[in-house]
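Count along the sequence shown starting at 1, add 30, and that's the number in the numbering used here. Shown next, in C-alpha coordinates, is the structure this report addresses.
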Amino acid sequence: MAKDLVPDHFAYGLSEPMAEAVAGGARPVEGVTADLRRVPELVPDEVARQSCYKLDQAAPIATVDELEHQDAIIIIIIIIGTGTGTRFCTASSQLCNVLDQTDGTRFQGRHIAGFARKQFG
31 MAKDLVPDHF AYGLSEPMAE AVAGGARPVE GVTADLRRVP ELVPDEVARQ SCYKLDQAAP
91 IATVDELEHQ DAIIIIIIII GTGTGTRFCT ASSQLCNVLD QTDGTRFQGR HIAGFARKQF
151 G
(Lines of atoms letter the chains of each structure in order from A and count residues from 1; the text may use other names and numbers.)
(Lines give C-alpha, C1' and ligand atoms only; values in the text may rest on other atoms or scores of the structure.)
Protein backbone atom coordinates (compact mmCIF):
# COMPACT_ATOMS: atom_id res chain seq x y z
CA MET A 1 0.00 0.00 0.00
CA ALA A 2 1.39 3.42 -0.98
CA LYS A 3 1.17 6.10 1.72
CA ASP A 4 0.89 9.72 0.63
CA LEU A 5 0.93 12.74 2.93
CA VAL A 6 -0.24 16.28 2.18
CA PRO A 7 1.29 18.54 4.88
CA ASP A 8 0.16 22.14 4.77
CA HIS A 9 -0.06 25.37 6.74
CA PHE A 10 -3.62 26.69 6.92
CA ALA A 11 -3.21 30.03 8.71
CA TYR A 12 -6.25 31.57 7.03
CA GLY A 13 -7.72 28.38 5.57
CA LEU A 14 -7.11 29.42 1.95
CA SER A 15 -5.05 26.39 0.96
CA GLU A 16 -7.10 23.91 3.00
CA PRO A 17 -9.70 23.17 0.25
CA MET A 18 -6.95 22.66 -2.33
CA ALA A 19 -4.97 20.37 -0.01
CA GLU A 20 -8.11 18.35 0.72
CA ALA A 21 -8.83 18.09 -3.03
CA VAL A 22 -5.32 16.77 -3.69
CA ALA A 23 -5.58 14.20 -0.90
CA GLY A 24 -9.14 13.33 -1.97
CA GLY A 25 -8.01 12.80 -5.56
CA ALA A 26 -5.48 10.17 -4.48
CA ARG A 27 -7.78 8.26 -2.10
CA PRO A 28 -9.88 6.43 -4.73
CA VAL A 29 -6.74 4.93 -6.28
CA GLU A 30 -6.49 1.28 -5.31
CA GLY A 31 -3.61 0.64 -2.94
CA VAL A 32 -3.12 4.31 -1.99
CA THR A 33 -3.84 6.09 1.27
CA ALA A 34 -3.61 9.89 1.35
CA ASP A 35 -3.70 11.85 4.58
CA LEU A 36 -4.03 15.59 5.07
CA ARG A 37 -2.00 17.09 7.92
CA ARG A 38 -1.36 20.62 9.07
CA VAL A 39 2.01 21.69 10.36
CA PRO A 40 2.42 23.13 13.86
CA GLU A 41 1.79 26.86 14.16
CA LEU A 42 4.78 28.94 15.22
CA VAL A 43 2.81 32.11 15.93
CA PRO A 44 1.67 32.59 19.57
CA ASP A 45 -2.05 31.91 20.12
CA GLU A 46 -2.83 35.55 20.96
CA VAL A 47 -1.19 36.78 17.74
CA ALA A 48 -3.02 34.12 15.72
CA ARG A 49 -6.36 35.24 17.18
CA GLN A 50 -5.63 38.93 16.55
CA SER A 51 -4.57 38.11 12.98
CA CYS A 52 -7.81 36.17 12.34
CA TYR A 53 -6.08 32.82 11.78
CA LYS A 54 -8.43 29.91 11.19
CA LEU A 55 -8.15 28.08 14.51
CA ASP A 56 -10.87 25.42 14.08
CA GLN A 57 -9.05 23.07 11.73
CA ALA A 58 -9.95 19.40 11.49
CA ALA A 59 -6.66 18.11 10.05
CA PRO A 60 -4.33 16.57 12.64
CA ILE A 61 -0.87 18.05 13.27
CA ALA A 62 1.94 16.57 11.16
CA THR A 63 5.06 15.26 12.84
CA VAL A 64 8.56 15.08 11.45
CA ASP A 65 8.70 11.32 12.08
CA GLU A 66 5.52 10.88 10.03
CA LEU A 67 7.28 12.21 6.93
CA GLU A 68 9.81 9.39 7.12
CA HIS A 69 7.13 6.73 6.62
CA GLN A 70 5.48 8.16 3.49
CA ASP A 71 5.94 7.05 -0.10
CA ALA A 72 4.99 10.49 -1.42
CA ILE A 73 4.82 13.97 0.07
CA ILE A 74 2.71 16.62 -1.68
CA ILE A 75 3.28 20.28 -0.81
CA ILE A 76 0.90 23.07 -1.84
CA ILE A 77 1.71 26.78 -1.90
CA ILE A 78 -0.95 29.40 -2.61
CA ILE A 79 0.11 32.87 -3.67
CA ILE A 80 -2.44 35.54 -2.83
CA GLY A 81 -2.98 38.93 -4.41
CA THR A 82 -1.52 40.35 -7.59
CA GLY A 83 1.83 38.61 -7.67
CA THR A 84 3.08 39.10 -4.12
CA GLY A 85 2.83 36.03 -1.94
CA THR A 86 1.64 36.26 1.62
CA ARG A 87 4.76 34.30 2.46
CA PHE A 88 7.00 36.13 -0.02
CA CYS A 89 6.22 33.67 -2.83
CA THR A 90 7.49 30.66 -0.91
CA ALA A 91 6.24 28.10 1.56
CA SER A 92 5.36 29.43 4.99
CA SER A 93 8.00 29.33 7.71
CA GLN A 94 5.76 26.87 9.57
CA LEU A 95 5.91 24.36 6.69
CA CYS A 96 9.62 24.97 6.12
CA ASN A 97 10.22 24.44 9.84
CA VAL A 98 8.89 20.88 9.63
CA LEU A 99 10.83 20.11 6.45
CA ASP A 100 14.02 21.66 7.88
CA GLN A 101 13.88 19.24 10.80
CA THR A 102 14.49 16.36 8.44
CA ASP A 103 17.63 15.57 6.53
CA GLY A 104 17.80 14.81 2.82
CA THR A 105 18.42 11.11 3.32
CA ARG A 106 14.93 10.65 4.74
CA PHE A 107 13.49 11.57 1.34
CA GLN A 108 15.64 9.30 -0.83
CA GLY A 109 13.43 7.04 -2.93
CA ARG A 110 10.28 9.02 -2.16
CA HIS A 111 8.20 11.16 -4.47
CA ILE A 112 7.89 14.82 -3.50
CA ALA A 113 5.54 17.02 -5.48
CA GLY A 114 4.87 20.73 -5.12
CA PHE A 115 1.88 22.67 -6.40
CA ALA A 116 1.48 26.44 -6.56
CA ARG A 117 -1.75 28.29 -7.12
CA LYS A 118 -2.18 31.99 -7.63
CA GLN A 119 -5.43 33.33 -6.21
CA PHE A 120 -6.61 36.85 -6.85
CA GLY A 121 -8.57 38.54 -4.09
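For each residue, glycine too, the CB sits at the ideal point set by N, CA and C. Remember, it's a predicted structure, so these values are computed and weren't measured experimentally.
Could you have a look at Ala32 and say whether DSSP puts it in helix, strand or coil? Against the sequence shown, residue 32 aligns to sequence position 2. Reduced to three states, the DSSP call for Ala32 is strand.
Does the Cβ of Ala49 have 16 or more other Cβ atoms within 10 Å, making it buried, or fewer, making it exposed? The sequence position of residue 49 within the sequence shown is 19, counting from 1. Buried.
Using 8 angstroms as the cut-off, can you tell me whether the stretch 33-46 makes contact with the stretch 78-96, which would need three or more C-beta pairs spanning the two stretches below that distance? yes
Please look up how many angstroms separate the CB atoms of Pro37 and Val69, rounded, as I've assumed it's under 8 angstroms. In the sequence shown, counting from the first residue as 1, residue 37 sits at position 7. In the sequence shown, counting from the first residue as 1, residue 69 sits at position 39. With 8 angstroms as the limit, Pro37 and Val69 qualify as a contact, their Cβ atoms being about 6 angstroms apart.
Figure out for me which residue from Gln124, Ile104, Cys126 has the closest Cα to the Cα of Val52. One-based indexing of the sequence shown puts residue 52 at position 22. That would be Ile104, whose Cα lies nearest to the Cα of Val52.
Between the alpha carbons of Val59 and Leu66, how many angstroms are there, rounded? As a working mapping, residue 59 is identified with position 29 in the sequence shown. As a working mapping, residue 66 is identified with position 36 in the sequence shown. Answer to the nearest angstrom: the Cα atoms are 16 angstroms apart.
Measuring alpha carbon to alpha carbon, tell me which residue in His99, Asp101, Ala92, Gln100 is nearest Gln124. In the sequence shown, the residue the question calls residue 124 occupies position 94. Comparing Cα-Cα distances from Gln124 to each of His99, Asp101, Ala92, Gln100, the minimum goes to Ala92.
In this structure, does DSSP put Arg57 in helix, strand or coil? Taking the first residue of the sequence shown as 1, we reach residue 57 at position 27. Residue state, collapsed to three classes: coil.
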